[in-house]
Amino acid sequence: MEQLLAQATVNGLSSGIFYVLIALGFTLIFSIQRIINFAHGEFYTIGGYLYYVFTVQIGLPIYISILFAVAGGMILGGFISRFYIEKIKGDPLNNLIGTLGLSLVLSSLLLIIFGAMAIPRTPVIGEGVTFDLGFVVITRTKVYLMLISFLATAFFMWIIMKTWTGKALRAITQDPEMALVHGIQVKRYNTLGFAIGCGLPALAGALLGPMYLIYPYSGEQALLYSFIVVILGGLGSIPGAIVGGLLMGLLEAYTTVFISPQFSSLIGFFVIILLLVFRPQGLFGVSVRRY
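Numbering of the sequence shown is given in the numbering used here, commencing with residue 147 and proceeding in unit increments.
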């Protein structure tokens, strides 16, 4: 039993750290732009496709390809924010229709460029090596991917909490008008925040692409997990996105091992239902009094 628990914990944390990456980007975009980005999952898919292009078609080293995939997601996200999101945000209906339309456009472009079939297998970090620690078995690939994801999360938190850029972004999330009065170029930081928020799921797609199927509509599942995690942690809460992502990974892993694999994909929906009934603001969200 202890060995099963340890193995499930490792598996859950390895999945959860990727949920953290995707949910952090979703949360950052919502906090800064005040929009629900329904095209968020497409940047996960774009990251997987860019990794494939750079490693297989161009032949670049794995780590360079990962960096380029993230950079590509950020550049595209910044461009979309500057010339599209800034034009539609403000009205909730425009936000909804606009980001849904953006999702359809991006997935359709991927379908035209790469076709409907999943991309061929791409190079994997540390392939072929497995560590047997007695109580848990883990591949070197999973160790490397968890380490990269952890470092990326830590770097993101350092930017948000310790740098001038992070302070400016946090000021905008609290009061955009007051931030503008204090000399912060709100539009520029809105674009930067959106770009970072798109780079995080692109990183997740580049890391997970070699192990899972990447096809034009694979971002739908990433978007779904983003919703589950941010509702679990609290919409707009960065600590909530981190804790919610890890909890979601652990819940899935424990459900797979101790209940049934068939229920692992449903546990997130059960959690959402319970939270919406008993704690709609999530674990780290702030409750709003109803009159």
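Cβ coordinates follow ideal geometry from the N, Cα and C atoms, glycine included.
This structure is a prediction, so every number in the text was calculated from the model and none was measured.
- One thing to note: residue 167 has its Cβ no nearer than 8 Å to the Cβ of residue 338.
- Between residue 187 and residue 398, the C-beta gap is not smaller than 8 Å, which leaves the two residues out of contact.
- The DSSP-derived three-state label of residue 402 is helix.
- A distance below 6 Å between beta-carbons, with the five flanking residues on each side excluded, links residue 405 to no residue of its chain.
- Pairwise C-beta distances place the region 178-198 out of contact with the region 301-312, as fewer than three of them are shorter than 8 Å.
- In the DSSP annotation of this structure, the continuous segment of the alpha helix (DSSP H) that includes residue 296 starts and ends at 286-308.
- Annotated three-state conformation of residue 216 is helix, per DSSP.
- Under the rule that a run must span 3 or more residues, the beta strand (DSSP E) segments found entirely inside the region 238-284 read 276-278.
- In the three-state scheme derived from DSSP, where H, G and I count as helix and E and B as strand, residue 329 is classed as coil.
- The C-beta of residue 356 has 16 or more other C-beta atoms within 10 Å across all chains shown, which makes the residue buried.
- If the five residues before and after residue 249 are omitted, its C-beta is found closer than 6 Å to the C-beta atoms of 184, 185, 188, all from its own chain and listed in chain order.
- Contact between the region 365-376 and the region 219-235 is absent: fewer than 3 CB-CB pairs across the two stretches fall below 8 Å.
- Annotation: the continuous alpha helix (DSSP H) that includes residue 154 extends over 148-179.
- The Cβ atoms of residue 383 and residue 191 do not sit closer than 8 Å to each other.
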